[in-house]
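Have a look at the structure below, then the notes.
Structure, rendered in structure tokens:
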């Protein structure tokens, strides 16, 4: 069926090939580049986040022969993604901004606007698959396990999934690049983006210090309670973190020290051995079902970070919160991350991790 | 209701964006082709150079005649933006002591940004006279500002690109002359649409652009009074009275002169035709669309509004969304002045007139030109209701997010 489609063009290779495939499938496609953040105020940057990306997106639309517009979503992005990112860190959590962007921007603000303007769907270069079942749409992992992005889409509800087009879900990334080259898309060899888009240098700690101010405090040994270092703000530490601790008291040779907890109210970072990181239970809020809600307790696999391995788990809902019993111990689970429940390749739903327990 | 028909990008296009650029006149295209046959740098001393130079000088004379100035007062530039930069920076730099720039708040970015830069980087001070609800400069307020002895220059555009308001340029020029302050006007939108005499007393410099009147993009001129004190932007070979170095582009200059000559010759006739067409457009759109409001001066006189300019705000619409829907329906218009980044911002012109932010965001500009016909208006009136209804449903993404 021909759909009217907004293709979100980031300026990267994935969204370009996704849009090209949507055009090939006979859809009526309009390319839209989202202006999400005003980064830098040097000459040439007026009004847009990255002139390079915006230009690349425009050139993709030219090659595909589709209209192209820039939608200014920087207010929404700054409030709902960047603002949320800062606030969650300040509370001692480790948020996933890509997931929040899908939840609040790409498949909310953009999709709602697309619907209102007479479009049926939003097409992106995400690696994930949407299938139709008698019970409605289902979200599945991508064919390429290295690129699978179903985790950051686990917040999408059935109406959002019905209006989402992920044309790359059945393809390996290497083939996507080849296809981009064959199609004459100039972004074919553009490097993948790995960092958080609004922190281009990748230094999240420095970025948070700039936003929240430095708040010096102690790094404390979780066993002995002894002060073994100092930090510039407990909020910027993540459970499971090993690098960048700068301990003044070094652990014994061969021993590794990890952040095992942060105490925001006392501005203290607790550091200990890997064994202290193990958890078997977690609880999450902001529960979303990517399809019909399971009936009572259900079994599946839980994934707690974007590129983590899923582990067998049983889950149930109490007072609107998702409780997950893990069948294996996993380490270094930070609050604020999402727990996404899978049934094989299918995403059942997700929640934001609020509490973990051994 | 009809949905967005994206495939109609291939349908016949209705062009209602002549204030952004105009189709090139065939006579100008021919002039460009003819002049491009000539080999020679207009500054070279040999025969080829003289042939090229002759083309440039004949073009200069033609332009001078059309604008009622001397040939030596025509300084060719690479377009309106460069001419505006040369005028405001050149006059400011050459000013004897004065550190204040008087400018209207409704100037084009090609005047706003260089004057802002002069303030930020070089310590100049900017004073802006009040404008009325139609964006017309309050001459009494401007006169009050002119009484200050520290003025380096005054710049007020001849007619506004977004809402078409014509400024009392002759009166402002006279007030400036009375106190000895150099006066620049950006006349890019006015030429070919209004009677424009650049020989009026007190006018120090005026900006002209080629592509707004059927000439090529990338060529324009600053008309500079021969007694003006002005410093160059571009230093080099000393062309153009040492005011604008760079090899003269004989082909573009020739095409520009032909287009300008025709634009000025046809002005009175075109103006009359466009006023009729514009009134029809405004009446029909406002009768068709509830909540459509004309922005700017409703007057039809040449001292009031550009004949082909229509700015209409559509209540509860985002201009951005409306533009996209009309584009899909084959109609090309604008939300104000085109922005390279593509990110629309509420017009500073409308905000200066006291229009609220919502109405400013929902304003579209339809600008008629010499090829416009009633059939274009028919097409617009046919496409608008569905587009407005859609855009209203879309509302503002900001509002959608709050719910």
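Residue numbers (our numbering), protein chains in the order written: chain A, 4 to 361; chain B, 682 to 1084.
Ideal Cβ placement from N, Cα and C applies to all residues, glycine included.
7 Å Cβ cutoff, residue i in contact with chain A
i, result
"residue 780 of chain B", "no"
"residue 1075 of chain B", "yes"
"residue 1046 of chain B", "no"
"residue 694 of chain B", "no"
"residue 1042 of chain B", "no"
"residue 1005 of chain B", "yes"
"residue 1071 of chain B", "yes"
Pair within 7 Å by beta-carbon distance, residue i and residue j
i, j, result
"residue 1045 of chain B", "residue 1003 of chain B", "yes"
"residue 58 of chain A", "residue 71 of chain A", "no"
"residue 869 of chain B", "residue 747 of chain B", "no"
"residue 111 of chain A", "residue 77 of chain A", "no"
"residue 157 of chain A", "residue 353 of chain A", "yes"
"residue 758 of chain B", "residue 901 of chain B", "yes"
"residue 154 of chain A", "residue 343 of chain A", "yes"
"residue 293 of chain A", "residue 223 of chain A", "no"
"residue 795 of chain B", "residue 1033 of chain B", "no"
"residue 133 of chain A", "residue 167 of chain A", "yes"
"residue 880 of chain B", "residue 857 of chain B", "no"
"residue 297 of chain A", "residue 304 of chain A", "no"
"residue 1075 of chain B", "residue 120 of chain A", "yes"
"residue 35 of chain A", "residue 74 of chain A", "yes"
"residue 330 of chain A", "residue 319 of chain A", "no"
"residue 98 of chain A", "residue 91 of chain A", "yes"
"residue 66 of chain A", "residue 188 of chain A", "yes"
"residue 877 of chain B", "residue 709 of chain B", "no"
7 Å Cβ cutoff, residue i in contact with chain B
i, result
"residue 44 of chain A", "Confidence at residue 44 of chain A is low in this model, with a pLDDT of 42, below 50, so its placement is unreliable and the value that follows should be read with caution. Judged by the 7 Å Cβ criterion, residue 44 of chain A is not in contact with chain B."
"residue 116 of chain A", "yes"
"residue 120 of chain A", "yes"
"residue 47 of chain A", "Residue placement at residue 47 of chain A cannot be trusted, given a pLDDT of 40 that sits under 50; what the coordinates show is reported in the next sentence. Output row for residue 47 of chain A: interface = no."
"residue 92 of chain A", "no"
"residue 72 of chain A", "yes"
Identified DSSP bridge partners for residue i
i, result
"residue 1004 of chain B", "For residue 1004 of chain B, which the question treats as bridged, DSSP gives no partner whatsoever."
"residue 838 of chain B", "Paired residues: none, contrary to the question."
"residue 344 of chain A", "A:305, A:352"
"residue 980 of chain B", "In the DSSP output, where bridge partners are listed per residue, residue 980 of chain B has none listed."
"residue 358 of chain A", "A:286"
"residue 326 of chain A", "A:286, A:319"
"residue 135 of chain A", "A:140"
"residue 889 of chain B", "B:902"
"residue 818 of chain B", "B:812"
"residue 145 of chain A", "DSSP, once it has assigned bridges, lists no residue as partnering residue 145 of chain A."
"residue 1042 of chain B", "DSSP output for residue 1042 of chain B lists no bridge partner at all."
"residue 832 of chain B", "B:781"
"residue 990 of chain B", "B:1048"
Own chain residues within Cβ distance below 6 Å of residue i, not counting five before or after
i, result
"residue 20 of chain A", "179, 182, 183"
"residue 103 of chain A", "84, 87"
"residue 1038 of chain B", "1027"
"residue 772 of chain B", "834, 863, 911"
"residue 356 of chain A", "285, 287, 338, 340, 342"
"residue 962 of chain B", "991, 1058"
"residue 1073 of chain B", "997, 998"
"residue 721 of chain B", "729, 730, 732, 733"
"residue 175 of chain A", "147"
"residue 144 of chain A", "151, 153, 348"
"residue 948 of chain B", "873"
Assumed close pair residue i, residue j - CB separation to whole angstroms, cut-off 8 Å
i, j, result
"residue 906 of chain B", "residue 913 of chain B", "So it is not a contact: roughly 16 Å between Cβ atoms."
"residue 123 of chain A", "residue 8 of chain A", "7 Å"
"residue 987 of chain B", "residue 838 of chain B", "With a Cβ gap of about 11 Å, residue 987 of chain B and residue 838 of chain B do not count as contacting."
Cut-off 7 Å between Cβ atoms - residues of its own chain near residue i, not counting five sequence neighbours on either side
i, result
"residue 931 of chain B", "716, 719, 723, 733, 736, 737"
"residue 217 of chain A", "235, 236"
"residue 345 of chain A", "303, 304, 306, 313, 351"
"residue 934 of chain B", "737, 740, 757, 900"
"residue 127 of chain A", "11, 18, 21, 109, 169"
Contact set for residue i: own chain, Cβ-Cβ below 8 Å, skip 5 residues either direction
i, result
"residue 51 of chain A", "Below a pLDDT of 50, predicted positions are generally treated as unreliable, and residue 51 of chain A, at 40, falls in that range; no measurement from the model is reported."
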